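Undergrad:
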Amino acid sequence: MIRTILVILALTFSPLAPAFASTESFVAQTLNAQRAAHGLHAVQPHALLMAAAEAHARDMASHGFMSHRGSDGSTVAQRVKRAGFCYRAVNENIAMGFRDPAKVMSGWYNSPGHRRNALSRKVTHYGFAAVDRAWVLVMGRPC
Numbered sequence: 000m001i002r003t004i005l006v007i008l009a010l011t012f013s014p015l016a017p018a019f020a021s022t023e024s025f026v027a028q029t030l031n032a033q034r035a036a037h038g039l040h041a042v043q044p045h046a047l048l049m050a051a052a053e054a055h056a057r058d059m060a061s062h063g064f065m066s067h068r069g070s071d072g073s074t075v076a077q078r079v080k081r082a083g084f085c086y087r088a089v090n091e092n093i094a095m096g097f098r099d100p101a102k103v104m105s106g107w108y109n110s111p112g113h114r115r116n117a118l119s120r121k122v123t124h125y126g127f128a129a130v131d132r133a134w135v136l137v138m139g140r141p142c
């Protein structure tokens, strides 16, 4: 837990922080730094997971809700299939109401279920989207 907080703080307040070109790159760098701190491989971006994450973030933002179920009742598994991603493993982290990506990442790492998703050995790729204040991180391993 202390290591998690130190990694997030180091990335947030280091001289490297302004070098992050976007929220997505900050999330990717923070996610992979945390995975590395636990001896795990880095995850790579995947366009189809990005599409699934963006669709769910847009759905939550436009309908004003936060849930792992879409407004149409869909699950993360159904949404990634709909995006065309064949998976062996898939999981999802969501957040709502935050402006600061460091607070989102910290919140996920301080939540046992979200931390377990982020540190899963089963996943190899990720998709991330933030729409308004709806945040979605989808992670998976393709078929």
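Just so we're aligned, residue 0 is where the sequence shown starts under numbering that gives the first Met the number 0, counting upward by one. Using N, Cα and C, we set each Cβ at its ideal position, and we do this for glycine too. Quick caveat, the model's predicted, so the values are computed rather than measured.
Specify the secondary structure class of A27 as computed by DSSP and reduced to three states.
TA: helix
Undergrad: Hey, G96 and R132: beta-carbon distance below 7 Å or not?
TA: yes
Undergrad: In three-state terms, what does DSSP make of V75?
TA: helix
Undergrad: Straight-line CA distance for S66 to C142?
TA: Just so you know, the alpha carbons of S66 and C142 end up roughly 26 Å apart.
Undergrad: Shortest alpha-carbon distance to V137 belongs to which of A35, D71, A56 and H40?
TA: A56
Undergrad: Taking its Cβ as the centre, do 16 or more other Cβ atoms sit within 10 Å of F12, making it buried, or is it exposed?
TA: No answer about F12 holds up, because its pLDDT of 43 lies below 50 and its placement is not dependable.
Undergrad: Can you tell me the Cα-Cα spacing of R140 and A129, whole angstroms?
TA: 22 Å
Undergrad: Could you tell me which residues DSSP puts in a beta bridge with N90?
TA: M138
Undergrad: Assign H62 to one of three DSSP states: helix, strand, or coil.
TA: helix
Undergrad: What residues in its chain sit with their C-beta under 6 Å from that of E23, if we drop five residues either side in the sequence?
TA: F127
Undergrad: Determine, using beta carbons only, whether N109 and N90 come nearer to each other than 7 Å.
TA: no
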